[in-house]
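And the structure:
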């Protein structure tokens with residue numbers, strides 16, 4: 140009895156402590172991310188999101204027949220760097236994932252194309268071709284959805300969030316999971 | 402206790418008891434099954450909830466959106482039995498949670514691998530959130546498992562159902578038992594009436610074709626059988642009574658007849674006894690008379706022969722030849738008279754003398770008698786043969802007398818033959834030994850054979866063969882007293898055979 144009672148008090152204290160610690164940490168990290176636009180933490184998070192989008196998207200174009208899921212990065216070497224560390228050994232369904240840096244002339248077999256802010260000017264010209272090929276275009280600047288982007292990262296409440304354009308997704312023959320839509324910061328073109 | 406109730410009540414009680422037992426067993430069985438199902442359903446429910454929550458919050462976890470996860474968890478408010486819910490990140494940090502109580506957060510356990518746990522009234526489930534083979538986090542759900550509440554509700558329903566069933570069963574069995582009991586009651590009513598009124602002509606009504614119908618038939622058959630038997634018994638009783646009366650009358654007649662007969666018999670016996678006594682007395686008198694006559698006759702006969710002797714001795718000078726011859730005749734006659742008297746005395750003595758029973762060697766007796774006879778009459782050659790003779794039971798003196806008689810007769814009657822032949826032999830029959838003496842003498846006319854053994858009967862003249870005529874009568878008397886018979890066969894001039902038989906058993910044959 141005594142032992143059990145002791146055990147419980149001991150147990151409860153660390154749990155409570157851990158919870159408080161986690162709360163402090165999260166508050167601290169959130170504030171840290173907000174200030175760190177373009178910081179390594181933000182790159183890492185964006186790279187992870189890009190990889191994770193694959194699990195919530197269905198490609199209805201002929202891209203779905205490819206044996207691997209290919210991610211291309213245009214003008215964001217930090218993101219490519221992070222992705223290169225994430226993708227080895229990971230799969231979507233039973234497809235392995237590849238990540239490579241691309242230039243606008245080489246968009247073959249791409250499922251996802253991340254376009255960095257530095258290459259933002261290229262999107263308006265590329266948009267039609269990208270949609271034609273059925274590629275999910277992920278961007279990171281305000282107004283990208285108006286230029287033909289499907290998913291666009293934003294910073295809200297000092298957190299990395301994303302917004303989605305349903306008309307763009309439709310043009311690219313992409314089917315986005317409702318669960319993805321549920322966690323989106325904003326969905327454009329929703330009925 | 403059940404024994405005292407009527408059949409009607411017994412049936413109702415049996416039906417109710419059976420129903421109650423069946424309901425109880427069913428109810429307990431159903432309850433156990435439902436309890437298990439209820440628990441399983443609660444677990445399944447919780448599991449499904451956890452799955453849905455996990456899947457729904459997968460995106461929130463993936464894209465680090467605790468707000469939307471929290472929104473999902475808040476929906477659980479619609480399920481009051483959920484006591485706590487939480488979502489942890491893949492780093493086991495609390496991501497979002499829900500508790501109905503304000504401070505419930507402090508009671509949340511650390512995340513664990515997939516498992517169910519039951520602690521008292523609480524069900525707990527941990528579920529890993531897996532997306533694309535990658536663990537994104539953990540869902541934790543805890544639900545109150547109100548078993549007592551459930552049981553109370555279940556029992557209430559069960560009790561209501563059972564009460565209703567019992568009421569229906571009671572109503573039904575009260576109505577339906579009449580189908581079974583009515584015919585039985587009818588039989589028992591008839592049986593009671595039969596016993597009270599002794600009226601075997603009553604019959605039970607038959608209402609059904611089942612076992613009770615069979616019982617009614619059997620009961621009615623039995624009644625008619627009893628009725629028939631009673632009738633038969635009465636008839637036979639009447640007959641028997643009549644018969645008894647008749648028999649009693651007949652017996653009386655027979656008794657009377659028997660009495661008469663007995664009286665008659667008694668009278669007859671009395672008369673026979675009287676006659677026998679009379680006869681015996683007469684016989685005695687006669688014997689005494691003949692004895693005394695013989696005895697008294699001897700004296701005068703002796704005196705006659707004595708005086709004849711004295712005449713011849715004392716006065717020979719007075720007697721010439723003629724007188725002497727006549728005296729000789731007188732003497733001879735007197736001598737014969739004496740012999741006759743002696744024989745008669747012997748004969749009469751035999752009637753009184755008791756027999757001394759002895760085993761006798763008959764052959765020896767016959768031989769010695771024959772030898773003695775030959776000595777008396779010498780000078781004659783007689784061919785005598787004797788076979789082996791069996792022993793006999795008898796009085797030695799009396800039987801010697803018999804042999805003397807038969808053998809002397811044989812000698813006497815064969816005496817005129819040139820070669821007299823005498824044979825002695827014996828045959829045995831079943832009960833008797835028959836001895837015989839055969840001679841080749843004068844024989845006799847068989848017509849008179851029956852007279853041979855009577856007193857003073859003589860077939861031959863005294864001139865031919867001397868004799869008193871008492872000898873064979875004496876033999877007859879001796880053998881008869883021994884229990885045997887005498888008889889003879891013969892023809893004139895062809896010899897004769899004289900027989901006598903003696904019983905093998907001796908005195909026991911008398």
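Protein chains in written order, with this note's numbering: chain A, 140 to 330; chain B, 402 to 911. No residue lacks a Cβ here, since even glycine has one placed at the ideal position from N, Cα and C.
Near residue i, which residues of its chain fall below 6 Å by C-beta distance, leaving aside the five closest residues on each side in sequence?
i, result
"residue 706/B", "732 and 735"
"residue 641/B", "none"
"residue 173/A", "For residue 173/A, the predicted model reports a pLDDT of 40, less than 50, meaning its position is unreliable and no value from the coordinates is stated."
"residue 176/A", "At residue 176/A the pLDDT is 47, less than 50, meaning the model places this residue with poor confidence; the figure from the coordinates comes in the next sentence. Cβ within range, chain order: n/a, list empty."
"residue 162/A", "Here the model assigns residue 162/A a pLDDT of 45, short of 50, so the residue's position is not dependable and the matter cannot be decided."
Is it right to say residue i is buried, meaning 16 or more other beta carbons lie within 10 angstroms of its own, or is it exposed?
i, result
"residue 515/B", "exposed"
"residue 763/B", "buried"
"residue 821/B", "buried"
"residue 414/B", "exposed"
"residue 841/B", "buried"
"residue 278/A", "buried"
"residue 766/B", "buried"
"residue 695/B", "buried"
"residue 627/B", "exposed"
"residue 828/B", "exposed"
"residue 467/B", "buried"
"residue 453/B", "exposed"
"residue 594/B", "exposed"
"residue 536/B", "exposed"
"residue 645/B", "exposed"
"residue 477/B", "buried"
"residue 170/A", "Note that residue 170/A scores a pLDDT of 38, beneath 50, so its modelled location is shaky; the value from the coordinates is reported in the next line. That one is exposed."
"residue 166/A", "The predicted model places residue 166/A with a pLDDT of 41, which falls under 50 and marks its position as unreliable, so this point remains unresolved."
With distance defined between alpha-carbon atoms, name the residue in the options nearest to residue i.
i, options, result
"residue 759/B", "738/B, 744/B, 777/B and 792/B", "792/B"
"residue 206/A", "190/A, 222/A, 232/A and 220/A", "232/A"
"residue 474/B", "540/B, 493/B, 535/B and 412/B", "540/B"
"residue 311/A", "217/A, 191/A and 199/A", "199/A"
"residue 357/B", "908/B, 605/B and 854/B", "Because chain B is modelled from 402 through 911, residue 357/B falls outside the range shown and cannot be assessed."
"residue 457/B", "445/B, 447/B, 446/B and 471/B", "471/B"
"residue 797/B", "729/B, 832/B and 880/B", "880/B"
"residue 234/A", "241/A, 204/A, 213/A and 256/A", "204/A"
"residue 425/B", "616/B, 478/B and 558/B", "558/B"
"residue 741/B", "773/B, 720/B and 692/B", "692/B"
"residue 517/B", "510/B, 835/B, 466/B and 528/B", "528/B"
"residue 288/A", "242/A, 186/A, 261/A and 241/A", "261/A"
"residue 328/A", "305/A, 321/A and 322/A", "305/A"
"residue 419/B", "508/B, 567/B and 714/B", "567/B"
"residue 586/B", "556/B, 653/B, 436/B and 608/B", "608/B"
"residue 727/B", "660/B, 503/B and 709/B", "709/B"
"residue 729/B", "743/B, 745/B and 712/B", "712/B"
Kindly list the residues whose CB is nearer than 7 Å to the CB of residue i, restricted to its own chain and excluding five residues on each side of it in sequence; keep chain order.
i, result
"residue 811/B", "823, 838, 840 and 842"
"residue 490/B", "462, 496 and 538"
"residue 882/B", "756"
"residue 887/B", "854, 876, 877, 880, 900 and 901"
"residue 221/A", "182, 183 and 186"
"residue 575/B", "413"
Can you give the beta carbon distance from residue i to residue j, rounded, assuming they're within the 8 Å contact cut?
i, j, result
"residue 284/A", "residue 302/A", "6 Å"
"residue 700/B", "residue 875/B", "Going by Cβ atoms, the distance from residue 700/B to residue 875/B rounds to 23 Å, so no, they are not a contact pair."
"residue 210/A", "residue 189/A", "6 Å"
"residue 524/B", "residue 451/B", "That pair is no contact at about 11 Å."
"residue 208/A", "residue 223/A", "Going by Cβ atoms, the distance from residue 208/A to residue 223/A rounds to 15 Å, so no, they are not a contact pair."
"residue 631/B", "residue 621/B", "No, residue 631/B and residue 621/B are not in contact; Cβ-Cβ is about 15 Å, not under 8 Å."
"residue 254/A", "residue 315/A", "Incorrect: roughly 18 Å between the Cβ atoms, too far for contact."
"residue 485/B", "residue 509/B", "6 Å"
In chain order, what residues of the same chain have a beta carbon less than 8 Å from the beta carbon of residue i, not counting five sequence neighbours either side?
i, result
"residue 783/B", "775, 812, 815, 821, 822 and 823"
"residue 806/B", "872, 873, 875 and 876"
Given 8 Å as the limit, tell me if residue i has its C-beta closer than that to any heavy atom belonging to the ligand FAD.
i, result
"residue 220/A", "Summarising the ligand content, the structure contains no ligands, and the ligand FAD is consequently not present."
TODO: Give, in chain order, every residue of the stretch 175 to 200 of chain A whose Cβ lies closer than 7 Å to some Cβ of chain B.
DONE: 188, 191, 194 and 195
TODO: Return the residues of the stretch 527 to 550 of chain B that lie within a Cβ-Cβ distance of less than 8 Å from chain A, sorted by chain order.
DONE: 532, 533, 534 and 535
TODO: Note down, in chain order, all residues in the stretch 460 to 477 of chain B with a beta-carbon under 8 Å from any beta-carbon belonging to chain A.
DONE: 460, 461, 463, 464, 465, 466 and 469
TODO: May I ask you to list, following chain order, the residues of the stretch 442 to 461 of chain B that have a beta carbon less than 8 Å from some beta carbon of chain A?
DONE: 456, 457, 459, 460 and 461
TODO: Quick one: which residues of the stretch 223 to 237 of chain A get their C-beta closer than 7 Å to a C-beta of chain B? List them in chain order.
DONE: 230 and 231
Task: Within 8 Å of chain B by C-beta, residues of the stretch 308 to 320 of chain A in sequence order - done: 316, 318 and 319
- [ ] Taking a Cβ distance cut-off of 8 Å, strictly less, list which residues of the stretch 284 to 298 of chain A are near chain B, in chain order.
- [x] 298
TODO: Output, in sequence order along the chain, the residues in the stretch 253 to 284 of chain A whose CB is closer than 8 Å to any CB in chain B.
DONE: none
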